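Read through the structure below, which is laid out as structure tokens, and then see the notes.
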Amino acid sequence: MKPVDLQSLAEIAGREHLLTSIEDRICYGYDSQHVESLPDAVVCPADAHQIAEVLKLANESGFHVVPRGAGTGLSGGSVPITGGVVLDLSRLKRIAEVNPGNLTATVEAGVVTASLAAAAEKAGLLYPPDPGSIKVCTIGGNVAENAGGLRAIKYGVTSDYLMSLEAVTSGGEIFKTGARTHKSVAGYDLTSLLCGSEGTLAVVTSVTVRLVPLPKHRRSILATFLELPAAAQAVANVMAAGVVPCTLEIMDRTTIRAIEDFKKIGLPLEAGAMLLAEVDGTASAAVEEEAATVRRVIEEAGAESVEFAADSAARERVWEARRSALAALARVRPTTILEDVTVPLDRLAEMVSIVEKVARKYSLLVGTFGHAGDGNLHPTFLTDQRDPDETTRVEEAVGEIFIAAIDLGGTVSGEHGIGFAKSRFLPIEVGAPAMEVMRRIKHALDPNGILNPGKVFDSQVSAISFSASVCPPHGDVRHASTGSA
Ligand SMILES: Cc1cc2nc3c(=O)[nH]c(=O)nc-3n(C[C@H](O)[C@H](O)[C@H](O)COP(=O)(O)OP(=O)(O)OC[C@H]3O[C@@H](n4cnc5c(N)ncnc54)[C@H](O)[C@@H]3O)c2cc1C
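This is the structure we're talking about:
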């Protein structure tokens, strides 16, 4: 990589929007993962035109550019592991339009997802994707990671709501994908190509999403189980009963205890596992009927207790507690290593048993929670990266869990992306021919390799290795001091 041309960057974005001090660069050297690497500079452009200028300059000068939304990513996607320039997109925060007549909203890429959801709700509409980080993460980051969330089981993920994007190629051309129509088959589906591309193919600057009518009624259900596999089996039973809850979350004993210690909302400390479900809809009677079915199926699956949230305040408390799961677990030990394996629903019970077995085998503490209705688990190892022996055991345990998920017909990432953290495992899951197709797409769109290098394709930085010996040549990769989130 060539040196960054600071003078020209300052001319493009303005001197006050170019950050070069060590203090500023440290703030942009990490995401919600646990490996740090300092950028050479941070630039905060105002619009797509300035982004285009930055990318043209990068192509001419040969420095690397790493797009960044809010840095809540959990696979190291916005960490500049080869140095270069971090492109902070947070100034692109205009909500251009909420259009109830067309059921759409158009926002700039740096808009926080909760702000988009609030603007839609004001118009009586719902933007369904709701990652646990919704109050912080940006819609651009959601597009780049194809983020899921708590409602994905019924409503789908980010890609299900994308209609049109504005983006900038690595060479600095501004282009549009898709259309603001509810159907379009005009040419290749570039919207889908960019969605989930983790900032490696283009920089997204504006997003048009589809909205749906706001459901008027909801019912939340809380169930406890003696064992985690029994709770996981109940998930498959609910799905087989012909009801699709909007949310169906699972938590193991370690997670329940960590949340209760943190939030003190009265979660049952004696429970071995919990399921949290919600059904929603426009007709109250239908919602009540679906809730009754979910309750019956969960009871028949052997739950110790099943109850409805008494009122909206109780409901809010429960879901707020669930959203705090990662933060709660991060209080238990200095380092959290959170994974994102996803398996077919009918293999979920096997997967949770494997996670528990692997944790026992390596004498590790794990808290497992996740979007069980999607088959998506977040086994979170609670560890201390200063202990090299324990770190090695975590690395081996995570590797076994990834391989087991693939063997069960699952995937190493349901929603957090590959980044550098999982790039070692991607070829095992998709195979060499698919990797080659991805490499060709990357080369066609970014021939000089300036956009977010070292991500998706094998970066040689291990998901959980903290050893300085794996540092790539240019990036100043170093140990993070605390766990994610
Ligand atoms: C507590 C917590 C809970 C979470 N819960 C969920 C969850 O339920 N579901 C889920 O899917 N994820 C979840 N995440 C992960 C994370 O929030 C998502 O991946 C989110 O989409 C990242 O958005 P961001 O704006 O923070 O992006 P960043 O972390 O800044 O970047 C993520 C990736 O996107 C790229 N990027 C960012 N903006 C752009 C752009 N405009 N154009 C091109 N590339 C871009 C970056 O280069 C990077 O590769 C959670 C994270 C935390 C900390």
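Heads up: take any position in the sequence shown, counting from 1, add 2, and you land on the working numbering.
Even glycine gets a Cβ: it sits at the ideal position worked out from N, Cα and C.
Computed from a predicted structure; not experimentally measured.
Please classify Gly412: does DSSP put it in a helix, a strand, or coil? coil
Simplified DSSP assignment, three categories, for Gly112: coil
Simplified DSSP state of Val237, which is helix, strand or coil: helix
For Thr207 versus Leu192, is the C-beta distance shorter than 7 Å? By the CB criterion at 7 Å, Thr207 and Leu192 fall outside the cutoff.
Closer than 6 Å: is that where the CB of Leu76 sits relative to any heavy atom of ligand 1? Taking non-hydrogen atoms of ligand 1 into account, the C-beta of Leu76 is found less than 6 Å away from one of them.
Which word fits Asp313, buried or exposed, when buried means at least 16 other C-beta atoms lie within 10 angstroms of its C-beta? It is exposed - the Cβ of Asp313 has fewer than 16 other Cβ atoms within 10 Å.
Considering only heavy atoms of ligand 1, does any lie closer than 6 Å to the CB of Gly456? no
Following a CB-centred definition, is Gly201 positioned closer than 6 Å to any heavy atom of ligand 1? Yes, Cβ of Gly201 sits closer than 6 Å to a heavy atom of ligand 1.
Would you check if the distance between the CB atom of Phe422 and the CB atom of Ile83 is smaller than 7 Å? With contacts defined by Cβ atoms closer than 7 Å, Phe422 and Ile83 form a contacting pair.
With distances taken from CA atoms, which of Arg17, Val245, Ala48, Gly143 is nearest Asp33? Cα-wise, what sits closest to Asp33 is Gly143.
So Val432 is in the alpha helix (DSSP H); what residue range does that whole segment cover? It spans 428-432 - the alpha helix (DSSP H) in which Val432 sits, taken as one unbroken run.
Report buried or exposed for His380, applying the criterion of at least 16 other Cβ atoms within 10 angstroms of its Cβ. His380 is buried by the Cβ-count criterion.
Tell me Thr106's beta-bridge partners as DSSP assigns them. Asn101, Arg212
Per DSSP, what are the beta-bridge partners of Glu280 in this structure? Ser222, Thr249
Status (buried if at least 16 other CB within 10 Å, exposed otherwise) for Gln35: buried
So within the segment 299-387, which uninterrupted beta strand (DSSP E) runs reach at least 3 residues, ignoring any that extend past its ends? As far as the segment 299-387 is concerned, its whole beta strand (DSSP E) runs of at least 3 residues are 307-310, 337-340, 367-373, 378-385.
Which residues mark the beginning and the end of the beta strand (DSSP E) in which Thr171 is found? 164-171
When you compare each of Thr256, Ala273, Asp386 to Leu328 by their alpha carbons, which one comes out closest? Thr256
Between which residues of its own chain and His19 is the CB-CB distance below 6 Å, once the five residues before and five after are set aside? Cys46
For the segment 57-72 and the segment 425-441, state whether three or more C-beta atom pairs, one from each stretch, are separated by less than 8 Å. no
DSSP state of Asp7 mapped onto helix, strand, coil: coil
Going by other Cβ atoms of all chains shown within 10 Å of its Cβ, with 16 needed for buried, is Arg17 buried or exposed? exposed
With hydrogens ignored, establish whether the beta-carbon of Gly151 is closer than 6 Å to any heavy atom of ligand 1. yes
Are the beta-carbon atoms of Ile176 and Ala332 separated by less than 7 Å? No, these two residues do not count as a Cβ contact at 7 Å.
Leaving aside the five residues before and after Ala225 along the sequence, list all residues of the same chain whose C-beta is less than 6 Å from its C-beta, in chain order. Leu277, Ile300, Ala305, Val308
Distance check for Phe383 and Leu367, CA to CA, integer angstroms please. 6 Å
To which residues of the same chain is Arg27 closer than 6 Å at the C-beta, ignoring the five residues directly before and after it? Leu40, Pro41
Please tell me whether Glu110 and Lys95 are closer than 7 Å, where the distance is taken between their beta carbons. yes
Could you tell me whether the Cβ atoms of Ile223 and Val296 are closer together than 7 Å? yes
Quick check on this structure: which residue in Ile452, Phe459, Asp460 has the alpha carbon closest to the alpha carbon of Met3? Out of Ile452, Phe459, Asp460, Ile452 has the C-alpha closest to the C-alpha of Met3.
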